[in-house]
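Q: Let me begin by handing over the structure; questions about it come next.
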Amino acid sequence: MSYLSLSNVTKQFGDTVVVDNFNLDIDKGEFVSFLGPSGCGKTTTLRMVAGFEVPTSGKIMIEGVDITDKAPNQRNVGMIFQSYALFPNMTVAQNIGFGLTVRKEPESVVKSRVAEMISLINLEAHANKYPYQLSGGQQQRVSLARALANRPQVLLLDEPLSALDAKIRVSLRAEIRSIQKALGITAIFVTHDQEEALSISDRIVVMNAGEMEQVGTPFEIYNFPKTRFVANFVGSLNTADAEVVDPTKGLVSVDGVQFTSAEGTKERKKGDKIKVAIRPERFSFAALQHKDNVVDAKIENITFLGSVVRIQVKIGNTNFNMDTFNNPFLELPKIGSIEQVTCSKEAVLVLDE
Amino acid sequence: MAQTIVNSKSNKATTNWKVWLGVVPFFLFALLFLFLPSLRLVTASFTAPDGSFTLDNIRQLFTVPVIVNAYKLSIQISAVTAIGGGIFGFLLAYSVTVGGLPKSLRSVLITFSGVASNFAGVPLAFAFVATLGRQGFITHILRDYFGMDVYAAGFNLYSFAGLSLVYMYFQFPLMVLIMAPALDGLKREWREAAENLGASTTQYWLRVAMPVLLPSILGAMILLFGNAFGAYATAYALTGGRIGIVTIQIGAQIRGDVLYNPGLGYAMAIGMVVIMAISLAGYSWLQAKTERWLK
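First to last, the sequence lines map onto chains A and B. For what it's worth, this note's numbering labels the leading residue of the first sequence as 307, then goes sequentially. For what it's worth, this note's numbering labels the leading residue of the second sequence as 1237, then goes sequentially.
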């Protein structure tokens, strides 16, 4: 039996279906991210687990106990908010101890757990400070400690890094992940930032318009997107209209230029209109690396992006981006020249609509 | 380069001069109608009728029973209406902000409060005389249709209770105007975080919402206190001077129909200034505390 389970969960506001028949099982200690654009239903789903929204239908269970109709303060679920939501009238220590105090834990338990949590987030020197005296990153760490102090069954993180600057975001997400692993706590992390989701999660649920598009490990989601939406939303992607030329050999034609795909055409027939996708980093200039897809490409533009150089090429009449890692000895082609580019047949994805 | 710097300085000076020109009328107004009269108040408080220096006016503030009672009465009426108006205004503001009443009602109440908080003096007194006076409209309706003779039951519009009721008319709307934004400032996430940590609604209000709001509530009540403490025309128009609050006593000393001791009047005004200054200092301290928390 899974640790946390959402079965056929649907949420409607009036006539608008915000979350539609959502099914997900999460194991104990697993870190799952809900990834999707604004309005896709990820935060609403999280809020239903927290108890702030009641599902229109469906069931939410933790360790086999149905919590669907329980009030938020009757669930043992910790939550971290995007805006930190620290109580401004309380010090760091008082904020962390709040949950234990309202649950009428003995003073000695409150004291020792607060000390333990403060040490966990390395803010010993700030225990008696008020939230306004802390930086955003420090406030979010206090929020994490406060949520963990009650020893919740599940930790919910609602875009906790969105309000922080880039550097803090990267370091704090690593800190959150390492604390989550150390405590073995089950966590759901809501984000619209694909890099965040890919770097921190055991599994990612990609959501769109209230529905789950794909559930998988970061590796699966990035390398084997099942739908056009996932492919477009996660990472950069070249997509092009194509036609099936030989389904058994995986041969497809993009504007008359033929590519071979490793999978995805077997269930189709010759002449079917399809959509193919190739990630920019899957192209390369080393024409002899792959025998499957070697095509002529006109160099249209070159953009320096720091660690990566993006080259815009035209293959047939279709524009593609190709990325190559930057290095000081990189020899770049001239704009306007014709070069041979290649990609493996595994790189050519055939997408469902 | 040197030329450029000179031009830049010259432009800056011109800009500064123009900016200052805009505030000249305000400073002139403040000088003529605030600072100079205040200075006159201070000097006149220490001046005897014959023009000599005296501490007698200040001494009388603490020794003459009529004056001491006037302060007591003013403080009482201000405190009663500040607390009453504060509680009533807070509950109203709560109802239309976090209480969940329709938003249309909120705009109606805020508009009414904006008007009512400035409705004072002779028109307010007359409005109450016309409605709750002995021959007032409401008094008649209560007596003729509901059999309730409020005056026979002990109510008197021209008494301490009546005057307090009239003051409440402009006190509670002021509280609504001050508290509505403060209540809007309570973040939804605080309530949700508290609930998520296991707190009940009561625990949330007692441990989070009220402590956050308390400086604003107390600060607003201090403002209401000052608002009532400085009122003159409403009390004078309603009671004709029968209720001897400080402002009416000052008027009597300076206008001088029966009493005439301008020096004592000025000294009483200084006493009011001191009380108001203490009130405002308390208000500022509480506001600063809230602002620091909510940064």
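For glycine and all other residues, C-beta sits at the position ideal for the given N, C-alpha and C.
Opposite valine 582(A) in the DSSP bridges: which residues?
A: Start at 1 with the first residue of the first sequence, and residue 582(A) comes out as number 276. Ala546(A), Val656(A), per the DSSP bridge assignment.
Q: Check whether the segment 1438-1447 of chain B and the segment 380-388 of chain A are in contact - that is, three or more C-beta pairs closer than 8 Å.
A: Verdict: no, contact absent.
Q: Can you find the residues in the same chain that come closer than 7 Å, C-beta to C-beta, to serine 1349(B), ignoring five residues on each side of it along the sequence?
A: Walking along the second sequence from the start, residue 1349(B) turns up at place 113. Closer than 7 Å at the Cβ level, and outside the excluded window around serine 1349(B), lie Pro1409, Val1412, Leu1413.
Q: Let me confirm a value: methionine 1237(B) is counted as buried when at least 16 other C-beta atoms fall within 10 Å, else exposed. Which label applies?
A: Position 1 of the second sequence holds residue 1237(B). Any reading at methionine 1237(B) is ruled out, since the residue's pLDDT is 40, under 50, leaving its predicted position unreliable.
Q: Going by DSSP in three states, valine 1482(B) sits in which element: helix, strand or coil?
A: Walking along the second sequence from the start, residue 1482(B) turns up at place 246. Valine 1482(B) falls in the helix class under three-state DSSP.
Q: Would you list the residues sitting across from serine 311(A) in a DSSP beta bridge?
A: Counting from 1 along the first sequence, the entry for residue 311(A) is found at position 5. Its beta-bridge partners are Asp331(A), Met367(A).
Q: Can you tell me where the alpha helix (DSSP H) holding methionine 1504(B) begins and where it ends?
A: If you number the second sequence from 1, residue 1504(B) lands on position 268. Its alpha helix (DSSP H) spans residues 1498-1529.
Q: So what's alanine 515(A) in DSSP terms, helix, strand or just coil?
A: For the purposes of this step, residue 515(A) is taken as the residue at position 209 of the first sequence. Reduced to three states, the DSSP call for alanine 515(A) is coil.
Q: Quick check: is the beta carbon of proline 412(A) nearer than 8 Å to any beta carbon in chain B?
A: Sequence index remark: in the first sequence, residue 412(A) carries index 106 (1-based). It does not: the Cβ of proline 412(A) has no partner Cβ on chain B nearer than 8 Å.
Q: List the residues of chain B whose Cβ lies closer than 7 Å to the Cβ of glycine 405(A), in chain order.
A: Against the first sequence, residue 405(A) aligns to sequence position 99. Simply Leu1433, Gly1434.
Q: Less than 7 Å between C-beta atoms, sequence neighbours within five positions excluded: which residues of the same chain meet that for alanine 453(A)?
A: Residue mapping note: residue 453(A) aligns to position 147 of the first sequence, counting from 1. Cβ neighbours of alanine 453(A) beyond the five flanking positions: Gly384, Met385, Ile386, Leu461.
Q: Counting Cβ pairs, one atom from each stretch, are 3 or more of them under 8 Å apart for the segment 405-420 of chain A and the segment 492-504 of chain A?
A: The answer is no - the segment 492-504 of chain A does not touch the segment 405-420 of chain A, with fewer than three Cβ pairs under 8 Å.
Q: Just the C-alpha distance for valine 1358(B) and glycine 1487(B), rounded to the nearest angstrom, thanks.
A: By 1-based counting over the second sequence, the position of residue 1358(B) is 122. By 1-based counting over the second sequence, the position of residue 1487(B) is 251. Approximately 16 Å, taken between the alpha carbons.
Q: Could you name the residues of chain B that asparagine 456(A) contacts, counting a contact when the two beta carbons are closer than 8 Å?
A: For the purposes of this step, residue 456(A) is taken as the residue at position 150 of the first sequence. What asparagine 456(A) touches in chain B: Leu1433, Gly1434.
Q: Buried or exposed: aspartate 464(A), going by 16 or more other Cβ atoms within 10 Å of its Cβ?
A: As a position in the first sequence, residue 464(A) is number 158, starting the count at 1. So aspartate 464(A) counts as buried.
Q: Return the residues of the segment 1395-1423 of chain B that lie within a Cβ-Cβ distance of less than 8 Å from chain A, sorted by chain order.
A: Hits within the stretch, in order: Lys1423.
Q: Throw me the rounded Cβ distance for the glycine 405(A) and asparagine 456(A) pair, which I believe falls under 8 Å.
A: As a first step, residue 405(A) is located in the first sequence; it is residue number 99 there, counting from the start. As a first step, residue 456(A) is located in the first sequence; it is residue number 150 there, counting from the start. Going by Cβ atoms, the distance from glycine 405(A) to asparagine 456(A) rounds to 4 Å, so yes, they are a contact pair.
Q: Taking a cut of 8 Å between CB atoms, which residues from the segment 1436-1452 of chain B lie near chain C?
A: Protein chains A and B are contained in the structure displayed, whereas chain C is not.
Q: For chain A, is any of its Cβ atoms less than 8 Å away from the one on leucine 1530(B)?
A: Taking the second sequence and counting its residues from 1, the one referred to as residue 1530(B) is at position 294. At least one chain A Cβ lies under 8 Å of leucine 1530(B).
Q: Let me make sure I understand the geometry here. Which of Ser1400(B), Val1448(B), Ala1388(B), Thr1347(B) has the alpha-carbon closest to that of asparagine 395(A)?
A: As a working note, residue 395(A) is residue 89 in the first sequence. The candidate whose alpha carbon is nearest that of asparagine 395(A) is Val1448(B).
Q: Does the beta-carbon of proline 412(A) have 16 or more other beta-carbons within 10 angstroms, so that it is buried, or is it exposed?
A: Against the first sequence, residue 412(A) aligns to sequence position 106. The residue in question, proline 412(A), is exposed, as its Cβ has fewer than 16 Cβ neighbours within 10 Å.
Q: Could you compute how far the alpha carbon of methionine 307(A) sits from the alpha carbon of phenylalanine 340(A)?
A: Start at 1 with the first residue of the first sequence, and residue 307(A) comes out as number 1. Start at 1 with the first residue of the first sequence, and residue 340(A) comes out as number 34. Their Cα atoms are separated by approximately 21 Å.
Q: Within a Cβ cutoff of 6 Å, which residues of the same chain sit near threonine 1333(B), ignoring the five residues on either side of it in sequence?
A: Residue mapping note: residue 1333(B) aligns to position 97 of the second sequence, counting from 1. Result list for threonine 1333(B): Ala1416, Leu1419, Asp1420, in chain order.
Q: Quick check on the burial criterion: 16 or more other C-beta atoms within 10 angstroms. Buried or exposed for glutamine 1239(B)?
A: Residue 1239(B) sits at position 3 when you count from the first residue of the second sequence. Any reading at glutamine 1239(B) is ruled out, since the residue's pLDDT is 45, under 50, leaving its predicted position unreliable.
Q: How would you list, in chain order, the residues of chain B whose beta-carbon sits under 8 Å from the beta-carbon of alanine 391(A)?
A: Here residue 391(A) is taken as the residue at index 85 of the first sequence, counted from 1. Neighbours of alanine 391(A) on chain B, chain order: Lys1423, Glu1425, Trp1426, Glu1428, Ala1429.
Q: What residues of chain B sit near alanine 356(A), judged by a beta carbon separation below 8 Å?
A: Here residue 356(A) refers to the residue found at position 50 when the first sequence is read from its first residue. Those are Glu1428, Asn1432, listed as they occur along chain B.
Q: Within 7 Å: the Cβ of valine 323(A) and any heavy atom of the ligand NAD?
A: This structure does not include the ligand NAD; it has no bound ligands of any sort.
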